[in-house]
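What follows is a set of notes on a single structure, which appears directly below.
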C-alpha cells in the first residue's frame, strides 16, 4: 500500500529548516521535518544575525522573544596586533533602515529552542527527531525519503511532494542529487572559544577584529554572561592544545584581567576550518538545497546562518504558491537564479574581509596602519558597512527591471514605522503589496485586496517615501513598487495600476 504524499519534507531542524517549515505553515502547507538528533544541539555555533534577517525572525512571530535573548552590537572595531584601534564603524543599537539593530549577537541553542517552541503552534508542521535519513530517490510526481528511527532501529519511508535539504555542510541530500561543492579558494583554521562568566570584562560592546597575520582574532560579547573569542591557528596547532583555560590564558589575557580570569567558565573550545564554497546546483527536480547544504561562508561578516534564513524566505512562498495552484511551477526556477549570486557576493565579501585582517605579513600590518584609520572617512564606505542593506537580488521572472536601470528591483524597502505603530513588514506580512507615493484609484485598491494583497501609501517625509522617489525613470520619478511576500521588490515604476494588475492571488493562508 502506497503511503500518502506529504507536500513538503525537510531534512534538518536547524535554524534554516525550522524557518522554512514555519513559513510554509503560515501559508497552510503541511510539512514534516526529519532531524537526526533528539533535541537542540547544546553547543553555541552561530552568534550573529543582521537587521535584514531580524525582519525574517519577525515574520516567524518570535521577534520579541529573539530580542530578549540577543544583544545589539554597537558596531565594528578594527584593531592592530597590539589591540590599538585602527578604525571604528558605529551602529545605532536602536535600529536603522530595517527597523531593528543591524547587528544582533545571541546564543544559537537559545534561538533554536525559540524556533522549535514556535513551530509547535502550527499543526501543519511536524518535527520528528531521531530520524536519520539514509536515501533520497526521486519518483514520478514525488520524492521517496528512506530513514531510520535511531531510537528503535526501524527503517521507514515517506513520500514527499517536494524535499528541502537543510542538512548542513555534510549534506546527504546534496550528494543524493549529484550536486558538488565548488571551492572558492579560501580555507583558514581557527580556534573558537566560548566563555561564560558573571564578571563584566568592561570592553566596548561591539565586534573587535584584530588584524594580525600572525594571530588574527575576533572578540565579542554575545550575551549577559557569554563571550566569544576566535583565534587563527598557527601551523601545527590544534584545538587539543587549548583544551582548558590554562593554555588559553596567553590568548585571552589581553581581554581579561587577573581577577576576572578566576571567574571564567570554559563552555566550549573547538577548531573550525573556515571555508568558502558554493554548490554547483541548488535544485534537481523536486529537491532543493538550502543553508550550509548549498553554501559555506567564512564568518568574518557574520552571514553564515543568515544566508540559510534568506534561502528559506525566498523559496517557501514560491513553493506554497505552486502547491496551492496560485503560481506556475516555473517560479521555482527563480530560487537558485536569485539566491546563488547573492550568496556568492556575500561569500566574496567575507573572503575579502578575512584577507584584509590576515594577509600581507609585516608589510600588510604597515599598510593597515596607514589605510584603516582613513576608512571611516571614505565617502559612502561607513554607510555601506553599517547600513544593513545587502546586495539586490539578481534579475529573474520575479525580479523585473530594465537591463540598464535596475532601480529598486530586488531590494528590500525600509521597514518604516507606520502611523498606527506597526511597521511596513507587519502590514505586508507575507503578502504581495503595492507601496506608492500617491493615492490609488479605488478600483486598483479593490483588485489588489481581492487577491489577498495590501496597499500602503508612503507618508511624505518618511524614509519609505524618500526611498520610493529615490530612483529616476526615463519619464519621471518612480512612484510605486510591487513588493513580493518575502519583502523584495518584484517591479517598480510610475504606473501603479499596472503593478496592481501584475500581483497574483496570494495570501499567507489559503483558508483565510
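In my numbering, the protein residues as written are 32 to 543. Here a beta-carbon is modelled for each residue, glycine too, at the ideal position from N, C-alpha and C. On a predicted model such as this, the values are computed, not experimentally measured, just so you know.
Range of the contiguous beta strand (DSSP E) that encloses residue i
| i | result |
| --- | --- |
| residue 101 | First-last for residue 101: undefined, no H or E at that position. |
| residue 403 | No beta strand (DSSP E) holds residue 403; DSSP gives it neither H nor E. |
| residue 303 | 296 to 310 |
| residue 187 | 186 to 196 |
| residue 163 | 162 to 170 |
| residue 366 | Note, residue 366: premise wrong, no beta strand (DSSP E); alpha helix (DSSP H) at 365 to 389. |
| residue 496 | Residue 496 -> not in any beta strand (DSSP E); alpha helix (DSSP H) instead, spanning 494 to 499. |
| residue 147 | Element bounds for residue 147: not the beta strand (DSSP E) but the alpha helix (DSSP H), 139 to 150. |
| residue 38 | 36 to 42 |
| residue 522 | 520 to 524 |
| residue 511 | 511 to 514 |
| residue 485 | 485 to 488 |
| residue 419 | First-last for residue 419: undefined, no H or E at that position. |
| residue 232 | Premise fails: residue 232 is in no beta strand (DSSP E) and is neither H nor E. |
| residue 178 | 173 to 180 |
Alpha helix (DSSP H) segment containing residue i, residue limits
| i | result |
| --- | --- |
| residue 353 | 335 to 354 |
| residue 131 | Neither: residue 131 is in no alpha helix (DSSP H) and is coded neither H nor E. |
| residue 220 | From DSSP, residue 220 is part of no alpha helix (DSSP H) but of the beta strand (DSSP E) over 212 to 227. |
| residue 530 | 527 to 533 |
| residue 204 | 203 to 207 |
| residue 56 | 46 to 57 |
Same chain only: Cβ atoms within 8 Å of residue i, ignoring 5 sequence neighbours per side
| i | result |
| --- | --- |
| residue 537 | 348, 352, 357, 358, 462, 463, 482, 483, 484, 516 |
| residue 400 | 111, 117 |
| residue 138 | 75, 78, 100, 253, 254, 257 |
| residue 301 | 74, 222, 223, 270 |
| residue 407 | 118, 119, 120, 413 |
| residue 212 | 205, 308, 309, 310, 311, 327 |
Cβ-based neighbour list, residue i, same chain, cut-off 6 Å, excluding 5 preceding and 5 following
| i | result |
| --- | --- |
| residue 67 | 163 |
| residue 541 | The predicted model places residue 541 with a pLDDT of 45, which falls under 50 and marks its position as unreliable, so this point remains unresolved. |
| residue 202 | 196, 324 |
| residue 492 | none |
| residue 96 | 145 |
| residue 63 | 37, 40, 157 |
| residue 94 | 88 |
| residue 315 | 208 |
| residue 114 | 285 |
Length of the line joining the Cα atoms of residue i and residue j
| i | j | result |
| --- | --- | --- |
| residue 70 | residue 234 | 34 Å |
| residue 543 | residue 57 | Because residue 543 sits at a pLDDT of 37, beneath the cut-off of 50, its placement in the model cannot be relied upon, and the following sentence gives the value as read from the coordinates. Distance between the alpha carbons of residue 543 and residue 57 is about 11 Å. |
| residue 375 | residue 341 | 13 Å |
| residue 556 | residue 393 | It is not possible to answer for residue 556, since the shown part of the chain is limited to 32 through 543. |
| residue 130 | residue 82 | 7 Å |
| residue 39 | residue 189 | 10 Å |
| residue 288 | residue 206 | 49 Å |
| residue 397 | residue 232 | 29 Å |
| residue 322 | residue 335 | 8 Å |
| residue 442 | residue 498 | 11 Å |
| residue 80 | residue 45 | 15 Å |
| residue 32 | residue 187 | Confidence in residue 32 is poor, its pLDDT being 38 and thus under 50, which makes the residue's placement unreliable; the coordinate value appears in the next sentence. For residue 32 and residue 187, the distance between alpha carbons rounds to 14 Å. |
| residue 311 | residue 384 | 24 Å |
| residue 360 | residue 395 | 51 Å |
| residue 449 | residue 126 | 15 Å |
| residue 290 | residue 225 | 19 Å |
| residue 437 | residue 510 | 15 Å |
| residue 457 | residue 283 | 43 Å |
| residue 192 | residue 317 | 7 Å |
| residue 489 | residue 451 | 13 Å |
| residue 194 | residue 372 | 22 Å |
| residue 84 | residue 370 | 14 Å |
Cβ neighbours of residue i in the same chain (closer than 7 Å, five flanking residues each side left out)
| i | result |
| --- | --- |
| residue 141 | 100 |
| residue 103 | 124, 132, 134, 135 |
| residue 106 | 119, 120, 121, 122, 237, 417 |
| residue 548 | For residue 548 there is no data in the structure shown, the boundaries of the chain being 32 and 543. |
| residue 505 | Any reading at residue 505 is ruled out, since the residue's pLDDT is 47, under 50, leaving its predicted position unreliable. |
| residue 343 | 47, 50, 51, 54, 321 |
| residue 533 | 513, 522 |
| residue 420 | 128 |
| residue 586 | Residue 586 falls outside the range modelled here, since the chain spans only 32 to 543, and no answer is possible. |
Min CB distance residue i to chain B below 7 Å
| i | result |
| --- | --- |
| residue 452 | Protein chain content of the structure displayed is limited to a single chain, and chain B is not contained in it. |
(message) Under 8 Å, with one C-beta from each stretch per pair, do the region 320 to 338 and the region 266 to 276 reach the 3-pair mark?
(response) Counting Cβ pairs under 8 Å, fewer than three are found: no touch.
(request) Would you mind listing the beta strand (DSSP E) stretches within the region 59 to 94 that are 3+ residues and don't spill past its ends, in chain order? (result) Counting whole runs of 3 or more residues, the region 59 to 94 contains the beta strand (DSSP E) stretches 62 to 65, 79 to 81.
(message) Would the region 213 to 223 count as touching the region 382 to 389 if we require 3 or more Cβ pairs under 8 Å?
(response) Touching, per the Cβ criterion.
(request) Could you tell me whether the region 164 to 179 touches the region 292 to 303, where touching means 3 or more Cβ pairs closer than 8 Å? (result) Result no; under three Cβ-Cβ pairs closer than 8 Å.
(request) Taking 8 Å as the threshold, find out whether the region 517 to 526 comes into contact with the region 468 to 477 through three or more Cβ pairs. (result) The region 517 to 526 makes no contact with the region 468 to 477: fewer than 3 CB pairs, one atom from each, lie closer than 8 Å.
(message) Three or more C-beta pairs under 8 Å: does that hold for the region 254 to 268 against the region 174 to 188?
(response) Counting Cβ pairs under 8 Å, fewer than three are found: no touch.
(message) With three or more C-beta pairs closer than 8 Å as the rule, is the region 426 to 437 touching the region 362 to 376?
(response) Judged by pairs of C-beta atoms under 8 Å, the region 362 to 376 touches the region 426 to 437, as three or more such pairs exist.
(message) As an exercise, report each continuous beta strand (DSSP E) stretch of at least 3 residues that is fully enclosed by the region 423 to 483, in chain order.
(response) Counting only runs of 3 or more, we get 464 to 467.
(request) Would you mind listing the beta strand (DSSP E) stretches within the region 243 to 295 that are 3+ residues and don't spill past its ends, in chain order? (result) Listed in chain order, they are 248 to 252, 257 to 263.
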